[in-house]
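> Residue 412 in the working numbering is what sits at position 93 of the sequence shown, and the numbering runs on without skipping anything. Just so it is clear, CB atoms sit at the ideal spot from N, CA and C, and this is done for glycine as well. The structure presented is a predicted model; accordingly, all values stated were derived computationally and were not measured.
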Amino acid sequence: MYPEPAHHAPGQRAVEVHQPTPLPPAVPVAAPLVPVQPGTVPAVASVVLPDGRVVTGYAVEHPQPAPVAAKPAVSRTAVNVALGGVGFLAVCGGLLLLTSFIAALTAFITQLIILAAVIFGGWIAVQVLGAGSRGGTTVHIRKATFKRNHFHG
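Structure follows, in structure tokens:
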């Protein structure tokens, strides 16, 4: 089997002791999960470190980012601002028409109130200041007749 060293007694074997080399503590880094298709085995890779140690493990392929879509000729922000401006103009036009309608309605109602006051005031004036000997109220007091402040005995 193994040859015996010269400084050992015959029949005794030399014992070799291997001390593990401590590794410096590593900062934990979350490795990205790479989906593996069922039935396929990833390739095994070996790396030789500067101190001569060999590290063997599975090769990890980093996920590639999705390709960036081409930007449209006009940005979405510009389209949104333009649509907002059109909407604002439509609302302003509607508000202008609404305020004009309210002003016209207010003027019409005011004219109706004034017309009613003139007609009703004229009717009251005719009733109070009535003209001539048109019918009147007759009051009999002690067999005397007063007809519009004139005594008829």
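Quick one: grab the DSSP three-state call for Ser394.
Here Ser394 sits in coil by DSSP.
> Can you round the beta-carbon distance between Gly376 and Ala389 to whole angstroms, since I take them to be within the 8 Å contact cut?
About 39 Å separates the two Cβ atoms, so there is no contact after all.
> Output needed for Ile432: all residues of its chain with C-beta closer than 8 Å, excluding positions within five of it in sequence on either side, in chain order.
No residues qualify anywhere along the chain.
> Restricting to Cα atoms, I'd like to know which of Thr340, Val437, Val400, Phe407 is closest to Leu368.
Nearest of Thr340, Val437, Val400, Phe407 to Leu368, Cα basis: Thr340.
> For the beta strand (DSSP E) holding Val374, just list the boundary residues, first then last.
Where Val374 is concerned, the enclosing beta strand (DSSP E) stretches over 373-377.
> Helix, strand or coil: how does DSSP classify Val387 here?
In the structure shown, Val387 sits in coil (DSSP, three-state: anything other than H, G, I, E or B).
> I need the straight-line Cα distance from Leu434 to Gly413, nearest angstrom please.
Spanning the two alpha carbons is a distance of roughly 31 Å.
> Once you ignore the five residues that flank Ile428 on each side, which residues in its own chain have a CB closer than 8 Å to its CB?
For Ile428, where only same-chain residues beyond five positions count, there are no Cβ hits under 8 Å.
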